[in-house]
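Taking this note's numbering, the leading residue of the sequence shown gets 24, the next gets one more, and so forth. Each residue gets a CB set at the ideal place from its N, CA and C atoms; glycine is no exception.
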Amino acid sequence: MSYTGSCLCGEVSLKLIGEPSRSFVCYCVDCRKGSGHLGQFISQYATDKVAVFDKNGTVAEYVVEQTKSGHPKRKQFCKRCGCTIRTLPMKFNGEVSMVRQSLVDENFAKLAPQLAMFEEEKSRYTEGAKSEYL
């Protein structure tokens, strides 16, 4: 099985080979700020199972130095539309890619999250909110 997808503007596309080692929702501060929402839906792949196609050189990178793990992570994004493509946690020396599953075009339901990370962070922003709006 493989999955294909692209950034918002379509300038960067990707192909994911096989199934992820895990899929999760992350509510950490970085994911919240990076998405402009409560968190991000992420799947973890071995980097050699992720092909990123960037024929016009629009992928840029930002290194997040302050992380909970103490290891920097490289955030790759499309500099045209700003869409995050993947994050490479340096804790794993670039061998692991955290891919934004919302970029996948088809079979999205097969990649449902199996767990939530930093869920206590989510509650800081949803306390007092009516559940019908979450």
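Contact check, residue i vs residue j, beta carbons under 8 Å
| i | j | result |
| --- | --- | --- |
| R109 | V73 | yes |
| E118 | T70 | yes |
| G57 | T90 | no |
| E88 | R97 | no |
Inter-residue spacing [alpha-carbon to alpha-carbon] between residue i and residue j
| i | j | result |
| --- | --- | --- |
| C30 | M113 | 23 Å |
| V86 | M24 | 31 Å |
| Y50 | S66 | 14 Å |
| V48 | R123 | 10 Å |
| C38 | R55 | The question names Cys, yet the displayed sequence has Lys at residue 38. One C-alpha to the other measures close to 25 Å. |
| C104 | C32 | 6 Å |
| S120 | N79 | 22 Å |
Which of helix, strand or coil DSSP assigns to residue i
| i | result |
| --- | --- |
| T110 | strand |
| R103 | coil |
| S125 | helix |
| S58 | helix |
Residue i - partner residues in DSSP beta bridges
| i | result |
| --- | --- |
| Y85 | K98 |
| L37 | G28, V75 |
| S120 | Y68 |
Terminal residues of the beta strand (DSSP E) in which residue i lies
| i | result |
| --- | --- |
| F64 | 63–69 |
| F47 | 45–49 |
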